[in-house]
Amino acid sequence: MKKLALLLNLIFSLLIVSCGDNSEFRIAGTIEGLGTQNLWLYYYAGDAVRTQNTILLDGKFSVVGYAEEPTIVEIYSTNKVLLGRILVENGQTVDCIIDNANRYNVAYDGNEVSAQWAEFLKENASVLSSKDNDASNK
Numbered sequence: 001m002k003k004l005a006l007l008l009n010l011i012f013s014l015l016i017v018s019c020g021d022n023s024e025f026r027i028a029g030t031i032e033g034l035g036t037q038n039l040w041l042y043y044y045a046g047d048a049v050r051t052q053n054t055i056l057l058d059g060k061f062s063v064v065g066y067a068e069e070p071t072i073v074e075i076y077s078t079n080k081v082l083l084g085r086i087l088v089e090n091g092q093t094v095d096c097i098i099d100n101a102n103r104y105n106v107a108y109d110g111n112e113v114s115a116q117w118a119e120f121l122k123e124n125a126s127v128l129s130s131k132d133n134d135a136s137n138k
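Counting from 1, position 44 in the sequence shown corresponds to residue 44 in my numbering; the numbering is continuous, with no gaps.
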């Protein structure tokens, strides 16, 4: 029964993505090394923080959202561990790859700002993972 619910949710998500337009944004992604579980996404839209739940099935997920202005979507695991942040706006589809073992090893494609953010994380992974405030503020 649980697998059937996962499958139906995935099919529904894919149908929503395929019928999208410029009034919504889409994120399609892969999270390496995480398997199958629920993901939680949080983002600001209008005057409220929106929460969405989607299924990571064999490391892949897709989600559709809506925000009046560009927004940062935070992606969390079932255990509420931050996996990634992506800037997105309506009309965009952002593809992402996140390495669960090294969350600074990411790739975002779909808008220039998210791609630049991914490069920044990769280039500064050693400083960011060291939690050395002096080094990260240089």
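In this text, a Cβ means the ideal position worked out from N, Cα and C, and glycines have one as well. Here the structure is a predicted model, which is why all the values come from computation and not from measurement.
Euclidean distance between Cα positions of residue i and residue j
i: E89; j: K131; result: 30 Å
i: I98; j: L57; result: 14 Å
i: G20; j: D109; result: Note that G20 scores 49 on pLDDT, short of 50, meaning its location in the model is unreliable and no value can be drawn from it.
i: S62; j: I86; result: 13 Å
i: N53; j: V127; result: 32 Å
i: S114; j: E123; result: 14 Å
Status (buried if at least 16 other CB within 10 Å, exposed otherwise) for residue i
i: N111; result: buried
i: A118; result: buried
i: G35; result: exposed
i: S129; result: exposed
i: V73; result: buried
Residues of its chain near residue i, where Cβ-Cβ distance is below 7 Å and the 5 sequence neighbours each way are ignored
i: E24; result: V64, G65, Y66, N90
Residue i and residue j closer than 7 Å at C-beta
i: V94; j: I27; result: yes
i: A107; j: G33; result: no
i: C96; j: G46; result: no
i: T71; j: Y104; result: no
Cut-off 8 Å between Cβ atoms - residues of its own chain near residue i, not counting five sequence neighbours on either side
i: Y76; result: L39, W40, L41, Y42, L82, L83
Okay, do the region 29–48 and the region 76–89 touch, 3+ Cβ pairs below 8 Å being the bar? Result yes; three or more Cβ-Cβ pairs closer than 8 Å.
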